[in-house]
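Student:
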Amino acid sequence: MLLLTGASRGIGAKLAVKLAELGYDLLLVARNEEALKQLKLEIQKKYSVNIQVISADLSQSTSVLQLLEKLESFEISGVIHNAGVDAFQTFDTQDLKGLEDNLYLNLTAPMLITRALMPKFLSKQKGIVIGMSSLAGLFPTPYGAHYSAAKSGLWAFIQALAIEYDGNGIHFCTIHPGFVHGDGMHEAHKAIAGDAPFFMGGTTTETVIQKVITALQSASPSPVYIANRFAVKPLLILTHLFPRFAKWLSTKMMKKYLAKVAHSSAIDGQKK
Ligand SMILES: NC(=O)c1ccc[n+]([C@@H]2O[C@H](COP(=O)([O-])OP(=O)(O)OC[C@H]3O[C@@H](n4cnc5c(N)ncnc54)[C@H](OP(=O)(O)O)[C@@H]3O)[C@@H](O)[C@H]2O)c1
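Counting from 20, one number per residue, gives the positions in the sequence shown under the working numbering.
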């Protein structure tokens, strides 16, 4: 059974349906229990797989610890750490508790869940840990500094485990989507600030899902999968070699658009 977090909507919900179609039993986690139960019904109407749901708030330590206890009664063969929240905003106006919760959700919870699953993976010499990072985890992202840092941390965490546990039959991968068109948080950006400029790249829900499936089904998955319409690997190498270039590029390519997302989100937040 695969543990999939953030399955109640967005990319995670679509991924759950696709995985069920491929025959994977799933344990779905998110806060919105109603949405998870609906998804379970929808899946079980079409596919004969075992779907279990657990409602948990992965930004809160008590809730994560309760989840870890519940996980002990499931046979988990792999985990996809998909739950995540971006919250673009100017850093100096970020709410302190919000920052802490965001970091917990995007980084601490995946670490604790992975820690809880590792002993079983090691005893079976089998398992897979997939982290849904972001291009923001490989490239400094203004107005999402905390998100960029957490996604970068998720990447470093999982890549470090890949080296530490090499040869133990456990695979570790991170997926790095650019702005995703179709489902998820970028659709919310688009609703408030319009589409991201074309040259910023982007990808689709289907491409992201395909990367996850490739990782799951490969005998030797790549440690890193990038989902983006443009080939960004050469750019990423250049930005690490030349940090001033990274700053220039991020300023030219992303700052204006993300400032608009941050500004529009703030206005949107005030209206609510
Ligand atoms: N969409 C993009 O453009 C994009 C690009 C790069 C990377 N990503 C990454 O892809 C992943 C999925 O994003 P998405 O676009 O599908 O986002 P989304 O539509 O906002 O969905 C986020 C999922 O995470 C869950 N979640 C949020 N806060 C949670 C909490 N405190 N505890 C438990 N679950 C929580 C949500 O469920 P509940 O609200 O029910 O809890 C939901 O199922 C994220 O890790 C994101 O960082 C997305």
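No residue lacks a Cβ here, since even glycine has one placed at the ideal position from N, Cα and C. Note that the structure is predicted; figures quoted are calculated from it, not measured.
1) Which residues mark the beginning and the end of the beta strand (DSSP E) in which F140 is found?
2) Under 8 angstroms, do N247 and L173 count as touching if we go by C-beta distance?
3) Buried or exposed: which applies to Q108, given that a residue is buried once 16 or more other Cβ atoms fall within 10 Å of its Cβ?
4) Tell me whether the stretch 81-90 and the stretch 30-42 touch, counting them as touching only if at least three CB pairs, one residue from each stretch, are closer than 8 angstroms.
5) By DSSP, does P262 sit in helix, in strand, or in coil?
6) Count the C-beta pairs between the stretch 141-157 and the stretch 98-107 that are closer than 8 angstroms, then say yes if the count reaches three, no if not.
7) Where does L86 land, buried or exposed, given buried means 16+ other C-beta within 10 angstroms?
8) According to DSSP, is Q57 part of a helix, a strand, or is it coil?
9) Assuming H208 contacts G156 (C-beta within less than 8 angstroms), just tell me the rounded distance between them.
10) Can you tell which of K274, F191 and F198 has the C-alpha that lies nearest to the C-alpha of V231?
11) DSSP puts I189 in a beta bridge; with which residues?
12) Looking at C-beta atoms only, is the number of pairs between the stretch 214-229 and the stretch 29-36 that lie closer than 8 angstroms three or more?
Tutor: Quick look at the numbers:
1) Where F140 is concerned, there is no enclosing beta strand (DSSP E), although the alpha helix (DSSP H) it sits in stretches over A128 to K143.
2) Contact: no.
3) Residue environment: Q108 is assigned as buried (16 or more neighbouring CB atoms within 10 Å of its CB, all protein chains considered).
4) Taking a contact to require three or more Cβ pairs closer than 8 angstroms, the stretch 81-90 and the stretch 30-42 do not qualify as touching.
5) Per DSSP, reduced to three states, the secondary structure at P262 is helical.
6) By the Cβ rule, the stretch 141-157 counts as touching the stretch 98-107, because three or more pairs are nearer than 8 angstroms.
7) With 16 or more Cβ atoms within 10 Å of its Cβ, L86 is classed as buried.
8) Correct three-state label for Q57: helix.
9) Between G156 and H208 the Cβ distance is about 17 angstroms, and since that is not below 8 angstroms, they are no contact.
10) For the residues K274, F191 and F198, the minimum Cα distance to V231 belongs to F191.
11) Paired residues: G146.
12) The answer is yes - the stretch 29-36 touches the stretch 214-229, with three or more Cβ pairs under 8 angstroms.
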